[in-house]
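There are 2 protein chains.
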Amino acid sequence: MSLEIYNSLARQKEPFEPVEPGRVHMYVCGPTVYNDAHLGHGKTYINFDIIFRYLRYLGFKVRYVQNITDVGHILDTGEDRILLGAAREQMHPMELVETYTRRYFRDMDRLNILRPDISPRATGHIPEMLEWIANLIKTGHAYEANGSVYFDVGSYAEYGKLSGRRLEQAQSGTRVQIAEEKRRPEDFALWKKAEPEHIMRWNSPWGEGFPGWHIECTVMSVKYLGLPFDIHGGGVENKFPHHECEIAQAEAVTGNSFVKYWVHNGMLMIRGEEMHKSLGNFITLEEAFERWDPMVIRFFVLQSHYRGPLDMSEEALDGAARGLQRLRSTLRAVRRRIQSAPPGESPAELTTLLESGREAFEASMNDDFNTPNAIAALFELSRGINAWLDQGQGITQEALEAVDSLLERLMGEVLGLLPEGLEDEMEPGLGRELIELLIQARSALREQRAFEAADAIRDQLAELGVQLQDSPEGTTWTMA
Amino acid sequence: MSLEIYNSLARQKEPFEPVEPGRVHMYVCGPTVYNDAHLGHGKTYINFDIIFRYLRYLGFKVRYVQNITDVGHILDTGEDRILLGAAREQMHPMELVETYTRRYFRDMDRLNILRPDISPRATGHIPEMLEWIANLIKTGHAYEANGSVYFDVGSYAEYGKLSGRRLEQAQSGTRVQIAEEKRRPEDFALWKKAEPEHIMRWNSPWGEGFPGWHIECTVMSVKYLGLPFDIHGGGVENKFPHHECEIAQAEAVTGNSFVKYWVHNGMLMIRGEEMHKSLGNFITLEEAFERWDPMVIRFFVLQSHYRGPLDMSEEALDGAARGLQRLRSTLRAVRRRIQSAPPGESPAELTTLLESGREAFEASMNDDFNTPNAIAALFELSRGINAWLDQGQGITQEALEAVDSLLERLMGEVLGLLPEGLEDEMEPGLGRELIELLIQARSALREQRAFEAADAIRDQLAELGVQLQDSPEGTTWTMA
């Protein structure tokens with residue numbers, strides 16, 4: 069079975085066949101860097117990180133572009149998000165952008181989200197946008213009005229094909245900011261005339277101004293990925309108008325198809341409600357990391373399918389922490405035994421177990437990146453591995469390494485749940501040596517028949533999460 | 069005594085008076101991101117980080133801009149560094165730029181170099197450069213030839229004022245790539261016509277091309293810092309032609325002074341030779357970090373004055389490691405005693421010691437950021453603190469906190485030698501608890517008169533760098 073992806077444009081799952089065999093060109097709408105990233109960003113970029121990782125796991129050479137919006141993202145009130153942020157923090161807009169871009173990547177890194185190959189900034193592509201807009205005017209799809217330029221949605225017959233909205237619906241049903249200079253309310257800005265107080269401004273054939281939000285994604289995706297490219301992702305809330313406008317801008321002017329697979333992920337909800345500053349349930353990632361290990365948040369996100377909404381609660385996160393702990397315990401149990409295990413071939417029974425685990429995992433991932441099912445397959449595999457460890461036969465170095473390597477690929481490489489340095493967190497270098505010394509001290513105490521002191525050591529270690537196990541061969545330890 | 073800075077333009081130390089009282093606008097030439105940063109970059113950006121940090125320490129509100137050169141840096145062979153790198157690594161040029169920008173900041177972070185407030189990319193400022201070039205043509209300082217645009221150095225009488233080179237000298241003495249289309253060999257490119265294979269290209273009034281290296285720094289510094297601004301820094305090797313050309317471009321077109329203080333730092337040498345790939349002595353920071361703690365490299369750099377060259381050898385770095393260790397030991401000795409010290413006022417004798425230490429430190433830093441003398445003042449202070457600790461009188465919580473706070477400001481805030489997380493490295497959280505348990509186990513063994521086992525614990529801890537000290541009040545420990 070090979071990979072199928074739900075294509076929002078076709079409204080169904082389709083076999084994945086890239087434009088160029090062996091290569092995938094993928095674009096995901098990135099953040100507007102005027103504020104800290106919140107849990108919703110966490111969900112979105114984990115969702116697309118998994119797609120990126122799994123495509124690489126399948127052997128595709130992937131180029132992943134995710135933009136940084138540092139100009140042009142206008143609120144319903146008509147205010148520019150970046151300028152609002154700059155005024156709030158009394159910074160130059162580019163200082164604000166620099167600060168929040170850095171913080172964005174810091175948060176993404178903590179979630180073990182791989183960096184995109186290219187992170188183009190909107191302000192870095194003004195000339196390309198000006199050219200594209202000029203072409204839209206020349207081909208009759210855009211018009212200038214009072215120093216701004218608008219896309220004429222009536223000029224593009226397929227407007228609405230992604231979201232399913234027809235123009236008449238949009239007209240009556242959507243809150244559209246009506247500027248008198250527009251021919252129709254749905255026409256959208258490609259270039260906005262800069263008011264005197266607008267610090268971010270560039271010269272253009274239509275006077276000083278700044279680009280609209282939609283045009284940057286069309287221009288930057290095509291610049292780095294060509295036309296058509298394979299996958300365009302983003303939050304479902306961006307399907308209309310943002311992605312609809314991207315398609316119109318691209319296809320109207322080029323006459324070519326823009327994107328082969330449109331992929332939309334569902335929103336993060338907090339106890340059934342959308343996250344909003346006004347509802348008091350707005351949680352930045354930085355705040356979330358104070359309460360939960362980033363890997364627990366990641367695991368929690370992966371326990372639901374990317375297309376669905378995800379309802380967050382503390383109980384659900386605590387449950388995720390326990391689940392992740394179970395998977396990690398298996399891996400740890402395997403790794404701890406590798407050094408001391410005897411050499412020898414991996415038993416056939418284990419090979420079968422691993423092979424069927426991998427197949428179940430891949431089958432789930434091939435089904436539109438179904439991570440909850442893939443995680444279920446991992447739990448099943450983990451139970452099998454624990455049972456194999458318990459029965460005590462054929463536990464050779466080679467066998468343990470085979471298990472380690474598969475878990476590293478599926479849990480680490482694909483799901484991103486084993487960031488570098490995790491080993492150190494689990495068993496710090498110095499800590500390991502100190503624990504060995506404590507075991508030595510405890511057995512010396514037992515030799516002296518000072519059992520009370522020896523037991524106190526054991527109990528206090530247990531409180532620190534270090535469990536001692538006595539056996540005829542000596543004492544070993546595990547960390548909770 | 070207030071701050072004096074050596075101004076390369078005036079060829080002397082001058083009192084520092086910013087253009088706008090209380091504010092400093094500072095620009096430093098950043099890296100060309102086509103390769104990993106090497107030890108020479110380490111020296112340069114540590115040198116300027118100290119200037120940034122000390123200006124903030126003095127209470128200035130500093131805006132620090134450091135560019136990222138991602139296009140236009142042409143080698144003597146006429147090849148573009150970014151395109152060479154992209155061909156080498158079979159990447160899109162922007163993937164290359166993304167990769168090495170990220171690695172650059174990773175390395176700088178490890179050296180505890182503060183991020184600049186704005187890191188503008190050259191490719192993000194093409195429109196501004198095109199405008200500036202058009203103005204130079206309009207004012208008669210530049211001319212178009214065969215799709216490229218050159219600055220006419222003969223049109224600017226002060227060309228050479230920074231480097232002291234006069235045109236005739238340059239003509240005969242410098243290796244200048246001679247293009248037939250130039251009027252004089254010293255004329256330099258503002259805009260280069262793109263050959264067909266040049267992937268990074270933009271439209272311009274003179275055809276498709278890309279900007280020269282010099283123009284980006286003029287345009288981006290003025291955009292974010294105004295004209296004139298306070299400090300322009302860079303390596304001494306950039307004084308000519310890069311900075312000379314920056315001045316010409318800025319002052320010829322605006323008629324205004326460009327920069328108030330030009331600051332140049334000296335080069336890093338390896339055993340007396342310049343670092344070059346061809347000499348086999350080229351050391352990337354990533355390689356260096358495998359052998360030396362980044363803080364040791366930082367301390368080593370700070371032990372010499374920024375303007376001088378710095379000769380590197382293993383012995384010198386080992387010496388720096390020992391020196392840094394001595395300063396850290398003092399700080400650690402102070403911090404370890406804070407919790408258990410009795411409350412009470414700080415003795416007057418200590419206040420005097422700290423005050424004179426701070427004054428000596430600031431006097432050195434005020435003398436053109438003389439870090440070697442500032443470090444000597446820290447060693448002197450550290451000896452005084454150790455003597456005070458040894459005499460055992462008036463060691464109150466308040467007194468220890470006063471010492472801690474001063475060292476944190478001078479060693480941490482100004483010199484950047486105490487990165488966050490250093491405490492954890494010195495005394496890991498779990499390790500601390502385990503060591504306490506071991507002390508408990510050892511004393512239980514001694515109660516059982518199992519002295520041999522007890523001593524074995526002590527000796528093995530010592531091997532791990534943990535020294536136990538017994539006293540009538542119990543056992544304490546320190547880390548080597």
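Protein sequences, first through last, are from chains A and F.
Each step along the first sequence adds one to the number in our numbering, with nothing skipped, and position 192 is 260.
Each step along the second sequence adds one to the number in our numbering, with nothing skipped, and position 278 is 346.
The beta carbon of each residue, even a glycine, is placed where N, CA and C say it ideally should be.
What does the alpha-carbon distance come out to for the pair residue i and residue j?
i	j	result
P540/F	T543/A	34 Å
I73/A	G425/A	22 Å
P309/A	S231/A	8 Å
F437/A	E355/F	39 Å
A318/F	H311/F	11 Å
D435/A	R359/A	33 Å
T286/A	E382/F	53 Å
M385/F	A524/A	First, the amino acid is wrong: residue 385/F is Leu here, not Met. Each residue's Cα considered, the two are about 46 Å apart.
R243/A	E263/A	Here R243/A scores only 46 on pLDDT, less than 50, and its place in the model is too uncertain to base an answer on.
M94/A	N115/A	13 Å
E495/F	C313/F	Only weak support is given to the placement of E495/F: the predicted model assigns it a pLDDT of 44, under 50, and the question is left unresolved by the model.
G533/F	E501/F	16 Å
A316/F	H266/A	30 Å
L336/F	G376/F	9 Å
L293/F	L235/F	30 Å
L378/F	A105/F	17 Å
R510/A	Q537/F	21 Å
A522/F	R405/F	26 Å
V87/F	H300/F	13 Å
K206/A	A320/A	11 Å
Q535/A	I503/A	10 Å
D492/A	W545/A	Because D492/A sits at a pLDDT of 46, beneath the cut-off of 50, its placement in the model cannot be relied upon, and the following sentence gives the value as read from the coordinates. If you take the alpha carbons of D492/A and W545/A, they lie about 16 Å apart.
M197/A	N180/F	38 Å
R339/A	I142/A	29 Å
Taking the alpha helix (DSSP H) that residue i falls in, what are its first and last residues?
i	result
F519/A	F519 to E531
I283/F	W281 to L293
A210/F	Looking at the DSSP string, A210/F is not in any alpha helix (DSSP H); the run it does join, the beta strand (DSSP E), is A210 to A213.
S473/A	Q465 to L475
For residue i, is the classification buried or exposed, using 16 other Cβ atoms within 10 angstroms of its Cβ as the cut-off for buried?
i	result
F519/A	exposed
F429/A	buried
D255/A	buried
T112/F	buried
H373/A	buried
D527/F	exposed
E166/A	buried
P161/A	buried
T420/F	exposed
S240/A	With a pLDDT of only 42 at S240/A, under the threshold of 50, the placement of this residue in the model should not be trusted, and no figure is reported.
Can you tell me where the beta strand (DSSP E) with residue i in it begins and where it stops?
i	result
Q80/F	Q80 to P83
S223/F	Segment: none, S223/F is in no beta strand (DSSP E) and carries neither H nor E.
R93/A	It should be noted that the sequence gives His, not Arg, for residue 93/A. R91 to V96 is the span of the beta strand (DSSP E), which, as asked, contains H93/A.
L378/A	L378 to M380
K111/F	First-last for K111/F: L107 to Y125, but that is the alpha helix (DSSP H), not the beta strand (DSSP E).
M32/A	Outside the modelled stretch of chain A, which goes from 69 to 548, sits residue 32/A, for which no answer is possible.
N333/F	V327 to N333
R131/A	K129 to Q134
D538/A	V534 to S539
At least 3 beta-carbon pairs within less than 8 Å: the region 199 to 219 of chain A vs the region 246 to 260 of chain A
yes
Output, in sequence order along the chain, the residues in the region 366 to 380 of chain A whose CB is closer than 8 Å to any CB in chain F.
none
Given 8 Å, three or more beta-carbon pairs between the region 128 to 137 of chain F and the region 186 to 193 of chain F
yes
Across the region 462 to 473 of chain F and the region 410 to 421 of chain F, are there enough close Cβ pairs to call them in contact, namely three or more that are closer than 8 Å?
yes
Check whether the region 512 to 530 of chain A touches the region 380 to 399 of chain F, counting contact only when three or more Cβ pairs, one atom from each stretch, lie closer than 8 Å.
no
Using a beta-carbon distance cut-off of less than 7 Å, what residues from the region 190 to 205 of chain A approach chain F?
T191, G192, I194, P195 and E199
Chain-ordered residues of the region 150 to 180 of chain F with a beta carbon less than 7 Å from chain A
H160, M162, E163, E166 and R170
Say whether the region 82 to 93 of chain F touches the region 117 to 128 of chain F, bearing in mind that this needs 3 or more beta-carbon pairs closer than 8 Å, one atom from each stretch.
yes
With three or more C-beta pairs closer than 8 Å as the rule, is the region 264 to 283 of chain F touching the region 188 to 202 of chain F?
yes
Listed from N- to C-terminal order along the chain, which residues in the region 264 to 283 of chain A have their beta-carbon within a distance smaller than 8 Å of any beta-carbon of chain F?
W270 and N271
Please list, in chain order, the residues of the region 98 to 109 of chain F that have any C-beta partner in chain A closer than 7 Å.
none
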